[in-house]
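As given, the protein sequences belong to chains G and X, one line each in that order.
Under the working numbering, the first sequence has 499 at position 222, and the numbering climbs by one with no breaks.
Under the working numbering, the second sequence has 317 at position 40, and the numbering climbs by one with no breaks.
In this text, a Cβ means the ideal position worked out from N, Cα and C, and glycines have one as well.
Just so it is clear, the structure is predicted and the values come from calculations on it, not from any experiment.
Here is the structure we will look at, set down as structure tokens.
Number of protein chains: 2
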Amino acid sequence: MSEVSGLDLSERKKKILRAVIEMYVQNAEPVGSKAVAQWAGLDVSSATIRNDMADLEEQGYLEQPHTSAGRIPSPKGYRLYVNELMGDYKLSIQETERINEALKGKMQALDQVIDEAGRVVAKLTQYPAFALTAPPERVTIRRFDLLLVEERSFIAVAMTDTNTVRNNLFHLDREVSQSQLQMLGTLLNTGFTGLSLDELEKELERVARHADPDAFQLIDLTVRFGMEVLEELAKKPVHTAGIANLLDHPEYQSLERAQPLMSFLSDADPAALPAKLTAEDGANIVIGPENVSEALKDSSVVMASYDLGAGMKGLIGVVGPTRMDYAKISARLAYVAKGLSQIMGQAALPPEHTKEGTT
Amino acid sequence: MSEVSGLDLSERKKKILRAVIEMYVQNAEPVGSKAVAQWAGLDVSSATIRNDMADLEEQGYLEQPHTSAGRIPSPKGYRLYVNELMGDYKLSIQETERINEALKGKMQALDQVIDEAGRVVAKLTQYPAFALTAPPERVTIRRFDLLLVEERSFIAVAMTDTNTVRNNLFHLDREVSQSQLQMLGTLLNTGFTGLSLDELEKELERVARHADPDAFQLIDLTVRFGMEVLEELAKKPVHTAGIANLLDHPEYQSLERAQPLMSFLSDADPAALPAKLTAEDGANIVIGPENVSEALKDSSVVMASYDLGAGMKGLIGVVGPTRMDYAKISARLAYVAKGLSQIMGQAALPPEHTKEGTT
DNA sequence: TTTTAGCACTCCATTTCTCTGAGTGCTAAA
DNA sequence: TTTAGCACTCAGAGAAATGGAGTGCTAAAA
Numbered sequence: 278m279s280e281v282s283g284l285d286l287s288e289r290k291k292k293i294l295r296a297v298i299e300m301y302v303q304n305a306e307p308v309g310s311k312a313v314a315q316w317a318g319l320d321v322s323s324a325t326i327r328n329d330m331a332d333l334e335e336q337g338y339l340e341q342p343h344t345s346a347g348r349i350p351s352p353k354g355y356r357l358y359v360n361e362l363m364g365d366y367k368l369s370i371q372e373t374e375r376i377n378e379a380l381k382g383k384m385q386a387l388d389q390v391i392d393e394a395g396r397v398v399a400k401l402t403q404y405p406a407f408a409l410t411a412p413p414e415r416v417t418i419r420r421f422d423l424l425l426v427e428e429r430s431f432i433a434v435a436m437t438d439t440n441t442v443r444n445n446l447f448h449l450d451r452e453v454s455q456s457q458l459q460m461l462g463t464l465l466n467t468g469f470t471g472l473s474l475d476e477l478e479k480e481l482e483r484v485a486r487h488a489d490p491d492a493f494q495l496i497d498l499t500v501r502f503g504m505e506v507l508e509e510l511a512k513k514p515v516h517t518a519g520i521a522n523l524l525d526h527p528e529y530q531s532l533e534r535a536q537p538l539m540s541f542l543s544d545a546d547p548a549a550l551p552a553k554l555t556a557e558d559g560a561n562i563v564i565g566p567e568n569v570s571e572a573l574k575d576s577s578v579v580m581a582s583y584d585l586g587a588g589m590k591g592l593i594g595v596v597g598p599t600r601m602d603y604a605k606i607s608a609r610l611a612y613v614a615k616g617l618s619q620i621m622g623q624a625a626l627p628p629e630h631t632k633e634g635t636t
Numbered sequence: 278m279s280e281v282s283g284l285d286l287s288e289r290k291k292k293i294l295r296a297v298i299e300m301y302v303q304n305a306e307p308v309g310s311k312a313v314a315q316w317a318g319l320d321v322s323s324a325t326i327r328n329d330m331a332d333l334e335e336q337g338y339l340e341q342p343h344t345s346a347g348r349i350p351s352p353k354g355y356r357l358y359v360n361e362l363m364g365d366y367k368l369s370i371q372e373t374e375r376i377n378e379a380l381k382g383k384m385q386a387l388d389q390v391i392d393e394a395g396r397v398v399a400k401l402t403q404y405p406a407f408a409l410t411a412p413p414e415r416v417t418i419r420r421f422d423l424l425l426v427e428e429r430s431f432i433a434v435a436m437t438d439t440n441t442v443r444n445n446l447f448h449l450d451r452e453v454s455q456s457q458l459q460m461l462g463t464l465l466n467t468g469f470t471g472l473s474l475d476e477l478e479k480e481l482e483r484v485a486r487h488a489d490p491d492a493f494q495l496i497d498l499t500v501r502f503g504m505e506v507l508e509e510l511a512k513k514p515v516h517t518a519g520i521a522n523l524l525d526h527p528e529y530q531s532l533e534r535a536q537p538l539m540s541f542l543s544d545a546d547p548a549a550l551p552a553k554l555t556a557e558d559g560a561n562i563v564i565g566p567e568n569v570s571e572a573l574k575d576s577s578v579v580m581a582s583y584d585l586g587a588g589m590k591g592l593i594g595v596v597g598p599t600r601m602d603y604a605k606i607s608a609r610l611a612y613v614a615k616g617l618s619q620i621m622g623q624a625a626l627p628p629e630h631t632k633e634g635t636t
């Protein structure tokens, strides 16, 4: 259904379709021929419009809720609109400023950035938002550090080749010395860096056989921590924000409609939602039945991807009724995505003393 | 309204009140005298019950939605029930196992634990859950570490006296050496540890005046990072989960009721919600109008606090209609809280090689 | 004095009915 | 090909009718 070309439509019909969509987006009420006739740029009578609208319905671009009502756009209609008819929405200065303001000073830990991005978008669009990251195929630990805290405890720091840094405090049942830790650090950095999860496991087994048990305990703890870090990066939880926003829109006034979608968004985990995660840059629109997931069949998803640097990609998007102001929403999303790319990319590639948020 | 004593009530009236509450909790429908009469342990006719119920209403324990309907409990009635009438709810083995299962292996970064705890509780109770931490009054940085990554970048690690460890990767526009970092580390650990936020700011200013500019740049970066960590710990964001659960309950079928509460929970920030954060252990129940916040005036909050060790406390709770199975919910909450205390306390106090999750 | 049966009464919830008006499709003229 | 005119359709709002659960009161029974 994505290959909708409006070649079989006269200019006037396209104008009518666009008018219907834009009016319907505004008012959420079926649009009648008379209303369209008064739309700017159309100097024909309502009767003419009626004929054209009947044609548009026959061709599947419009639908009629019931016999004596106006028309509403079908998913196919929206698709044509999005592909060909929709004008570029220009963000106002206020809007860009508001977005910049919201993003500023928010680059803390990566997770929090993702989360925060979702929140910003939810507030900005008044729709529920989601955000997730797409990790690169193969992440490895680039480097380990061990810091002595007290005789019986130390901090392990692991840094991945995506520049994520994690740490963990360990308590031991016996004492260790600074020099011991230093030695182990060297060992870890020569033997356990640049390896994938399974490789780490294997290497750990190999070392277990011919290593001093005391030393191995520390190695084991640290390497397993490193493995956890890799695991955590590998899975990509979906963050959601502003679920309650859904209720602000008339299509979700009835609970039967709102509830399944809300539950779906709450149980966000399944990355099963936006099939095309590695979508190209710019905004991407999935309309109603185009969605794979059953729960989204009569809602739309607008999303934009951004670059986290170091081979990681991220995706933010919103979910709403098929009746959405696609132009405005996608413009805003794209702007936020661009902002995030800049912020995060800047931090990942070593420029001037910038901070990179990875706690 | 919290000082409700049932001294002025006969045993039978208490039984009736209890019956009304428990039936109402089950069915969400006003309870009539006939239904109460059939309740176990009451061998009187419905007429007698009617008289007693009229008395109970006069005394404010029951309410009548309209003249010819049954009775529902008033907040005062619930209060008496919770204080005196409610039996202990025994968790079944399945329930405890389910909770243990859910908590197991979930102790990662502190934030994530909080978040996860909320999710677990939301799933467990079918109500929206919230979770937050109460930091101790004064947290300071106990120690700094600086790790050289490449010539132009280094990692700063800060550890607080609550055993939280954070780190940050910095990129510089010039080179630094291992020995330089080492020197700075010593300087930081002597001059900038054990200080509160303002003290750090002041000390920073003081040092700025008579320090080498190049060195000061590094000090500034690191100390400001430390300050961010303290700030982050000081504010206590409220995590929420399962907001959509609200819609499963009949009292929130009408959007006018559901929406304000959902928005309130979404904008979770105001710790303004549960006034008594430092609540004693065990579960704590706030019924309807007892709530300070306007949005909660006709909902109830059940919460339990847990111990994070190292002077930090946490709070988890659920929000639901005043018609809640307080016995069951509070038992479950208390159990989860106890579990969390164990897990977290264990990690914070230095026992045998346990891991403490703070990334 | 307390409990019970009986009965008239109240009032909400639900269903049924009617009415209205926006919007359509069709036909015939321009 | 476009337009005016007209009969027709149908959802939605309101009014009226119906049913029934539950009450309060009174008078008898325990």
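Which residue spans inside the region 484-517 of chain G form an unbroken alpha helix (DSSP H) run of at least 4? Listed in chain order, they are 490-511.
Distance check for His487 of chain G and Ile496 of chain G, CA to CA, integer angstroms please. Here residue 496 of chain G refers to the residue found at position 219 of the first sequence. Here residue 487 of chain G refers to the residue found at position 210 of the first sequence. Distance from the CA of Ile496 of chain G to the CA of His487 of chain G, rounded to the nearest whole angstrom, comes to 13 angstroms.
Do Ser607 of chain X and Ala560 of chain X count as a contact pair if the criterion is CB distance below 8 angstroms? Counted from its first residue, the second sequence places residue 560 of chain X at position 283. Counted from its first residue, the second sequence places residue 607 of chain X at position 330. Cβ atoms of Ala560 of chain X and Ser607 of chain X: closer than 8 angstroms.
Closer than 8 angstroms at the beta carbon, the chain G residues around Met436 of chain X: Stepping through the second sequence from its first residue, residue 436 of chain X is reached at position 159. Neighbours of Met436 of chain X on chain G, chain order: Val426, Ile432 and Leu446.
Taking 8 angstroms as the CB-CB cut-off, is Leu319 of chain X touching chain G? In the second sequence, the residue the question calls residue 319 of chain X occupies position 42. Residue contact check for Leu319 of chain X against chain G: no CB pair falls below 8 angstroms.
Closer than 8 angstroms at the beta carbon, the chain X residues around Ala521 of chain G: The residue you call residue 521 of chain G lines up with position 244 of the first sequence. For a Cβ distance threshold of 8 angstroms, residue set Ile520, Gln536, Met539, Ser540, Leu542 and Ser543 of chain X lies close to Ala521 of chain G, ordered along the chain.
Could you check whether the Cβ of Met621 of chain X sits closer than 8 angstroms to any Cβ belonging to chain G? Stepping through the second sequence from its first residue, residue 621 of chain X is reached at position 344. With 8 angstroms as the cut-off, Met621 of chain X does not count as an interface residue toward chain G.
Measure the alpha-carbon distance for Ser570 of chain G versus Thr599 of chain G and round it to whole angstroms. Residue mapping note: residue 570 of chain G aligns to position 293 of the first sequence, counting from 1. Residue mapping note: residue 599 of chain G aligns to position 322 of the first sequence, counting from 1. Going by the C-alpha atoms only, they are around 15 angstroms apart.
Using a Cβ cut-off of 8 angstroms, pull out every chain G residue sitting near Val595 of chain X, in sequence order please. By one-based count along the second sequence, residue 595 of chain X stands at place 318. Correct list: empty, because the minimum Cβ distance to chain G is about 15 angstroms.
Can you name the residues of chain G whose CB is closer than 7 angstroms to the CB of Glu532 of chain X? The residue given as residue 532 of chain X occupies position 255 in the second sequence. Inspection of the sequence shows that residue 532 of chain X is occupied by Leu rather than by Glu. Those within 7 angstroms of Leu532 of chain X in chain G are Leu524 and Gln530.
Indicate whether Val308 of chain X and Gly354 of chain X have their beta-carbon atoms separated by less than 8 angstroms. In the second sequence, the residue the question calls residue 308 of chain X occupies position 31. In the second sequence, the residue the question calls residue 354 of chain X occupies position 77. Contact: no.
Excluding the 5 residues preceding and the 5 following Ala518 of chain G in the sequence, name in chain order all residues of the same chain whose CB lies nearer than 6 angstroms to its CB. Here residue 518 of chain G refers to the residue found at position 241 when the first sequence is read from its first residue. Result list for Ala518 of chain G: Gly395, Arg396, Ala399 and Ala406, in chain order.
Residues of chain X with CB under 7 angstroms from Asp422 of chain G, in chain order? Position 145 of the first sequence, counted from the first residue, corresponds to residue 422 of chain G. In chain order, Leu424 make up the part of chain X whose C-beta sits under 7 angstroms from the C-beta of Asp422 of chain G.
Grouping DSSP H, G and I as helix and E and B as strand, with all else coil, what is Val416 of chain X? The sequence position of residue 416 of chain X within the second sequence is 139, counting from 1. When DSSP states are grouped into helix, strand and coil, Val416 of chain X belongs to the coil group.
Determine contact between the region 535-545 of chain X and the region 511-528 of chain G, defined as no fewer than three beta-carbon pairs at a distance below 8 angstroms. Output reads yes: the region 511-528 of chain G touches the region 535-545 of chain X.
Give a yes or no on whether the C-beta atoms belonging to Pro352 of chain G and Tyr301 of chain G are separated by under 8 angstroms. Residue 352 of chain G sits at position 75 when you count from the first residue of the first sequence. Residue 301 of chain G sits at position 24 when you count from the first residue of the first sequence. Not a contact, by the Cβ cut-off of 8 angstroms.
Are there any heavy atoms of the ligand FMN lying less than 7 angstroms away from the beta-carbon of Thr410 of chain X, as far as the coordinates show? Looking for the ligand FMN in the displayed structure turns up nothing, as the structure carries no ligands at all.
Measuring straight from C-alpha to C-alpha, what distance separates Asp285 of chain X and Thr373 of chain X? Taking the second sequence and counting its residues from 1, one reaches residue 285 of chain X at position 8. Taking the second sequence and counting its residues from 1, one reaches residue 373 of chain X at position 96. One alpha carbon belongs to Asp285 of chain X, the other to Thr373 of chain X, and they sit about 38 angstroms apart.
Helix, strand or coil for Asp475 of chain G? Go by DSSP, reduced to three states. Counting from 1 along the first sequence, the entry for residue 475 of chain G is found at position 198. Asp475 of chain G: helix per DSSP, three-state reduction.
Buried or exposed for Gly471 of chain X, going by 16 or more other Cβ atoms inside 10 Å? As a working note, residue 471 of chain X is residue 194 in the second sequence. It counts as exposed.
Can you find a CB in chain X that lies within less than 8 angstroms of the CB of Val442 of chain G? Within the first sequence, residue 442 of chain G is the residue found at index 165, counting from 1. Yes, Val442 of chain G lies at the interface with chain X (some Cβ there is under 8 angstroms from its Cβ).
Among G:Glu509, G:Leu510, G:Ser310 and G:Leu362, nearest to Ser282 of chain G - alpha-carbon criterion: In the first sequence, the residue the question calls residue 282 of chain G occupies position 5. Of G:Glu509, G:Leu510, G:Ser310 and G:Leu362, the residue nearest in Cα terms is G:Leu362.
Closest Cβ-Cβ distance between Thr636 of chain X and chain G: below 8 angstroms? Residue mapping note: residue 636 of chain X aligns to position 359 of the second sequence, counting from 1. With a pLDDT of 45 at Thr636 of chain X, under the threshold of 50, the modelled position of this residue cannot be trusted; read the value that follows with caution. With a threshold of 8 angstroms between beta carbons, Thr636 of chain X makes contact with chain G.
Classify Thr470 of chain G as helix, strand or coil using the three-state DSSP reduction. By 1-based counting over the first sequence, the position of residue 470 of chain G is 193. DSSP places Thr470 of chain G in coil when its eight states are reduced to three.
Bridge partners for Gly594 of chain G per DSSP, in chain order? Here residue 594 of chain G is taken as the residue at index 317 of the first sequence, counted from 1. Answer by DSSP bridge pairing, in chain order: G:Phe407 and G:Met580.
Report the option in X:Ser582, X:Pro566, X:Ala581 and X:Tyr583 whose CA atom is closest to the CA atom of Asp575 of chain X. As a first step, residue 575 of chain X must be located in the second sequence, where it is residue number 298. Taking Asp575 of chain X as reference, the option from X:Ser582, X:Pro566, X:Ala581 and X:Tyr583 with the minimal CA-CA separation is X:Pro566.
Look at the alpha carbon of Ser577 of chain X and the alpha carbon of Gln536 of chain X, and state the distance between them as a whole number of angstroms. For this step, residue 577 of chain X is matched to residue 300 along the second sequence. For this step, residue 536 of chain X is matched to residue 259 along the second sequence. In a straight line, the C-alpha of Ser577 of chain X is about 16 angstroms away from that of Gln536 of chain X.
How would you call Lys512 of chain X, buried or exposed, if buried means at least 16 neighbouring beta carbons within 10 angstroms? For the purposes of this step, residue 512 of chain X is taken as the residue at position 235 of the second sequence. That one is exposed.
Just the Cα atoms here: how many angstroms apart are Gln403 of chain X and Arg609 of chain X? Numbered from its first residue, the second sequence carries residue 403 of chain X at position 126. Numbered from its first residue, the second sequence carries residue 609 of chain X at position 332. Computed Cα separation, rounded: 12 angstroms.
Distance check for Glu334 of chain G and Ser287 of chain G, CA to CA, integer angstroms please. For the purposes of this step, residue 287 of chain G is taken as the residue at position 10 of the first sequence. For the purposes of this step, residue 334 of chain G is taken as the residue at position 57 of the first sequence. Straight across, the Cα-Cα distance linking Ser287 of chain G with Glu334 of chain G is about 14 angstroms.
So, under 8 angstroms CB-CB, Ala408 of chain X and Ile593 of chain X are touching, yes? Tell me the CB distance rounded to an integer number of Å. As a position in the second sequence, residue 408 of chain X is number 131, starting the count at 1. As a position in the second sequence, residue 593 of chain X is number 316, starting the count at 1. The pair is a contact, with the Cβ atoms about 5 angstroms apart (cut-off 8 angstroms).
Val569 of chain G in three-state terms, based on DSSP: Looking up residue 569 of chain G in the first sequence gives position 292. DSSP places Val569 of chain G in the coil class of the three-state scheme, outside both helix and strand.
Following the continuous beta strand (DSSP E) through Arg443 of chain X, name the residue where it begins and the one where it ends. By one-based count along the second sequence, residue 443 of chain X stands at place 166. Its beta strand (DSSP E) spans residues Val442 to His448.
Residues near Ser430 of chain X in its chain [Cβ-Cβ closer than 7 angstroms; skip 5 each side]: The residue given as residue 430 of chain X occupies position 153 in the second sequence. When the five nearest sequence neighbours on each side are left out, the beta carbons in the same chain lying within less than 7 angstroms of the beta carbon of Ser430 of chain X are those of Leu446, Phe447, His448 and Leu449, in order along the chain.
Given this structure, state the Cα-to-Cα distance separating Asn568 of chain G from Met460 of chain G, to the nearest angstrom. Residue mapping note: residue 568 of chain G aligns to position 291 of the first sequence, counting from 1. Residue mapping note: residue 460 of chain G aligns to position 183 of the first sequence, counting from 1. When the Cα atoms are used, Asn568 of chain G and Met460 of chain G turn out to be separated by approximately 54 angstroms.
Given Arg534 of chain G, which residues of its chain have a CB within under 7 angstroms of its CB, disregarding the five upstream and five downstream residues? Against the first sequence, residue 534 of chain G aligns to sequence position 257. Excluding sequence neighbours, Arg534 of chain G sits near Glu528.
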